[in-house]
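Sequence positions in the sequence shown follow my numbering and run 759 to 1252.
Report on one structure; see the data block that follows.
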Amino acid sequence: MTDYPALLDAAGIDQLRTALTAARFTSTGIAERLGPQATSAVARNDHREALRRTADGDPLATLIRLFVCAQTEPADTVAAALAPLPLADALAAGLVEQSPDGPGLRQGVDLEPYGDAWWVISDVPSHLRAGQPLAADHVLGIGGSSTTLAGAVHRRPVGAALDLGTGCGVQALHLAGHADSVTATDLSARALRFAATTAALNGQRWELLHGDLTAPVAGRRFDLVVSNPPFVVGPGTATHTYRDSGRIGDGICAELAAAAPDLLTDGGTMHYLANWMHVAGEDWTERVAGWLAGTGLDGWVIQREVADPVSYVNLWLADASEGPDAHRAAAWLDWFDAQKVEAVGFGLVTLRRSGHADPVVRVEELRQQVTPPLGDRVDEWFARQDWLRARDAAGLLDARYRAADGLRLQQEAGIGDDGWAVDRQTVTLTGGLRWTEEIDPLVLAVVGGCTGRLPMREQLSLLALAHDVPEQELAEAAVPVLARLVERGILLPG
759 MTDYPALLDA AGIDQLRTAL TAARFTSTGI AERLGPQATS AVARNDHREA LRRTADGDPL
819 ATLIRLFVCA QTEPADTVAA ALAPLPLADA LAAGLVEQSP DGPGLRQGVD LEPYGDAWWV
879 ISDVPSHLRA GQPLAADHVL GIGGSSTTLA GAVHRRPVGA ALDLGTGCGV QALHLAGHAD
939 SVTATDLSAR ALRFAATTAA LNGQRWELLH GDLTAPVAGR RFDLVVSNPP FVVGPGTATH
999 TYRDSGRIGD GICAELAAAA PDLLTDGGTM HYLANWMHVA GEDWTERVAG WLAGTGLDGW
1059 VIQREVADPV SYVNLWLADA SEGPDAHRAA AWLDWFDAQK VEAVGFGLVT LRRSGHADPV
1119 VRVEELRQQV TPPLGDRVDE WFARQDWLRA RDAAGLLDAR YRAADGLRLQ QEAGIGDDGW
1179 AVDRQTVTLT GGLRWTEEID PLVLAVVGGC TGRLPMREQL SLLALAHDVP EQELAEAAVP
1239 VLARLVERGI LLPG
């Protein structure tokens, strides 16, 4: 294990924690101090009302002005806000620094409350530095990707957990709450120092290893692996460690899938965020499914967003505050054109070492909002797969089912010579994954009859009689439909 010291020694960490706790520098403390209107405005990078409400200079006000509003504050008020941590120690650690614009101190790092129990240390985001371009080794703080991944991970107790590409340590913080041990890797030594500080400030201890993705843990296995990797798709140019892997295209995401079998214990799970290319003449789902082929792992890949190449390039250039760069953008877009990339997808890859000889792999779009947390929905999906895999056709027909709570039916009808006729009908889940499925009248009758009282075989027997169709033919046709509706969570066993 390589030692990556925190920015402060143990005594300094304790003093900083004492200062933050005493001031109530937490999400709730800040929100109560600012009020809902100012809190909402800060989220939009409008600090005017927040500054008006923090003009009195008490410790919480000073910390908000310093670390939330990115203001320059007098040295004596900063010293009072950070006490008992000596100001000299805070300066030496880089927590605060002399302002280049005049007397006073400004933040040297981003010290951000994460809920009411944690704080995260990272580099100052570009929007708080007047759009100054990010350094190549910039360490991101809490963002949309990190919170998306955190919400998608199951939180059952596990033994050993691994965070690949930990950055400032957001995922490791969550893992420590339900794992016996946490290992975190990163290619950036700077990121590992931030992660060490985040861990220490929150009273946690992680094994921190330096290296590229899985290299530092070669030969080891984990019960749970998470990764928010540098997944940006491009020609392999690496200018920023947090986003660029140096791999061509979506290669790093394929690489993670290939590495998963050697990382996971029996029953182990891996969750990671990914980007993938939509190539002209190819089905993107087949491309991504190809990453999982031969791994022997169950896999569920869900696409949450899609961007066209121009929007994608502009997004990532702006993300690093690189400013308008016609030559860089043109080179990136020319590469997309040469590879026939029509779009880039973003989503979540979940892999599981179930030990079954017939792994289940699904790659599909899930653009609708889901009932949070997504991690629970992922667990439920795999549980339904296990239930289906344990039953053959006869077992599916012998089971009892009930329709999901809150299921909604929508019908579209057109008028003709004989009056209104239903052209299309769908059922929609109002909770969970909120799938919508188009169904025909016979399937609608099946779903409507699923109250949990009759085995499906008996239910189909009654329908066959009512519709004058052969019972055996109806049963055979119903099996794949049943499997689909159970997988979607529209029908629930029991």
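Even glycine gets a Cβ: it sits at the ideal position worked out from N, Cα and C.
**Message:** Can you find the residues in the same chain that come closer than 6 angstroms, C-beta to C-beta, to residue 825, ignoring five residues on each side of it along the sequence?
**Reply:** 865, 869
**Request:** For residue 1061, collect the residues of the same chain with a Cβ closer than 6 angstroms to its Cβ; drop the 5 residues on either side in sequence, then sort them by chain order.
**Result:** 1103, 1105, 1123
**residue 972 classed as buried or exposed, judged by whether at least 16 other C-beta atoms fall within 10 angstroms** = buried
**Prompt:** Quick one, which of 1179, 1228, 805, 992 has its alpha-carbon nearest residue 1099's?
**Reply:** 992
**Request:** Sort out for me which residues DSSP pairs residue 992 with in a bridge.
**Result:** 1007
**residue 924, buried or exposed, once every other Cβ within 10 Å from all chains shown has been counted against 16** = buried
**Item:** C-alpha gap between residue 958 and residue 1095, whole angstroms
**Value:** 47 angstroms
**Request:** Whole angstroms is fine: what's the gap from residue 1248's alpha carbon to residue 1187's?
**Result:** 7 angstroms
**Message:** Buried or exposed, going by whether 16 or more other CB atoms sit within 10 Å of the CB of residue 831?
**Reply:** buried
**Item:** Segment contact, 8 angstroms Cβ cut-off, at least three pairs: the region 1129 to 1147 with the region 1064 to 1082
**Value:** no
**Prompt:** With C-beta atoms as the reference, is residue 933 less than 8 angstroms away from residue 984?
**Reply:** yes
**Asked** For the beta strand (DSSP E) that residue 723 lies in, which residues bound it at each end?
**Response** Any answer about residue 723 is impossible in this case: the structure gives the chain only from 759 up to 1252.
**Straight-line Cα distance separating residue 891 from residue 884** = 7 angstroms
**Asked** Taking the runs of the alpha helix (DSSP H) that are 4 residues or longer, which of them lie wholly in the region 1117 to 1205?
**Response** 1132 to 1147, 1151 to 1156
**Message:** Under DSSP, the alpha helix (DSSP H) around residue 945 begins and ends at which residues?
**Reply:** Here residue 945 belongs to no alpha helix (DSSP H), and DSSP marks it neither H nor E.
**Message:** What would DSSP say about residue 766, mapped onto helix, strand or coil?
**Reply:** coil
**Item:** For residue 1033: DSSP bridge partner residues
**Value:** 1104
**Asked** Going by the CB atoms, is the gap between residue 1202 and residue 1183 shorter than 8 angstroms?
**Response** yes
**Straight-line gap, residue 1209 to residue 1239 (C-alpha atoms, nearest Å)** = 17 angstroms
**Asked** Is it the case that the Cβ atoms of residue 897 and residue 948 are separated by a distance below 8 angstroms?
**Response** yes
**Item:** For residue 888, the nearest candidate out of 1172, 912, 859 (CA to CA)
**Value:** 859
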